[in-house]
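Numbering (UniProt numbering), first residue to last: 1 to 250. Everything below concerns the one structure shown next.
Here it is, written out as structure tokens:
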């Protein structure tokens, strides 16, 4: 019960998903109703029965400031998903993050969305690399990558494989697999709702679990760099650098 109440208390009053249930409604439930919700969550977890309605999202396009409204690329999609589902996600995410951190599954060079970490860590690391190269009278070349639309393009099997490589077995990977499967969304403009579109790849936008799953998947990119190349990550922003005496060989 503590985890459920904590998840609700940490939830912002965002717009509801397709089911119309808000966080405010959930917070005003009595102990008996909360106990029923907890039993429902436990059945979903233990019996591997993920509600199909929780796979739905309503996407609202929001025009970017100062952009031409006639160009569809100038809209930012905001996905509204079930607050019921996000409450369960938040409970699972807290446990998942704890296990990932305690077992050292996430690269220490990943600073995004981690407790006590920020972009300052990456800046300090790069500064130390620059100072080190300066002392050795070496050249330092650094490249910054921005991975575009990574949440929509993330390989789902890669996420499940990463969790398996980390040693996760049983209910968690099964829940994640069901959570990622058969996702679909509808676009709402005013009061008009489109037909359903299938989201066959990527992690769902607006999901509590999406960032953690993406970080678990992408952090391994640091481990495949050559020993002479160092790198840092802030979620999907990658920086790599290499130093040496010959600028042309770097």
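Think of the CB as a built atom: it goes at the ideal place given N, C-alpha and C, for glycine as much as any other residue. Fair warning: this is a prediction, and the values are worked out from it, not measured in the lab.
- Three or more beta-carbon pairs drawn from the segment 83-96 and the segment 18-34 are found closer than 8 Å, and the two stretches are therefore classed as touching.
- By the CB criterion at 8 Å, residue 240 and residue 230 fall inside the cutoff.
- Cβ contact annotation for residue 134 (same chain, cutoff 7 Å, sequence separation greater than five): none.
- Of the other Cβ atoms in all chains shown, fewer than 16 fall within 10 Å of the Cβ of residue 43; this residue is therefore exposed.
- Where residue 143 is concerned, the enclosing beta strand (DSSP E) starts and stops at 139-146.
- In this structure, DSSP gives residue 153 a helical state, which the three-state scheme calls helix.
- In terms of CA proximity to residue 125, 232 leads the group 41, 71, 232 and 48.
- In this structure the segment 185-202 does not touch the segment 90-103; the number of beta carbon pairs closer than 8 Å is below three.
- Within the model, the alpha-carbon separation for residue 102 versus residue 189 is close to 44 Å.
- Of the residues 110, 17 and 38, the one whose Cα lies closest to the Cα of residue 6 is 38.
- By the neighbour-count criterion, in which a residue is buried when 16 or more other Cβ atoms sit within 10 angstroms of its Cβ, residue 217 is buried.
- By the C-beta criterion, the segment 44-61 is judged to be in contact with the segment 168-175, since at least 3 inter-stretch pairs fall below 8 Å.
- For residue 193 and residue 1, the gap between their C-alpha atoms comes out near 37 Å.
- The C-beta distance from residue 150 to residue 236 rounds to 5 Å, short enough to meet the 8 Å contact threshold.
- Proximity to residue 206 across 17, 113 and 146 peaks at 17, based on C-alpha coordinates.
- Residue 199 is bridged by DSSP to 183.
- A check of alpha carbon separations from residue 160 across 147, 148, 179 and 143 identifies 179 as the nearest.
- Looking at 187, 220 and 176, the one whose alpha-carbon comes closest to that of residue 56 is 187.
- Contact between residue 58 and residue 182 does not hold, since the beta-carbon distance rounds to 16 Å and is not under 8 Å.
- Here residue 21 carries a coil assignment [DSSP, helix/strand/coil].
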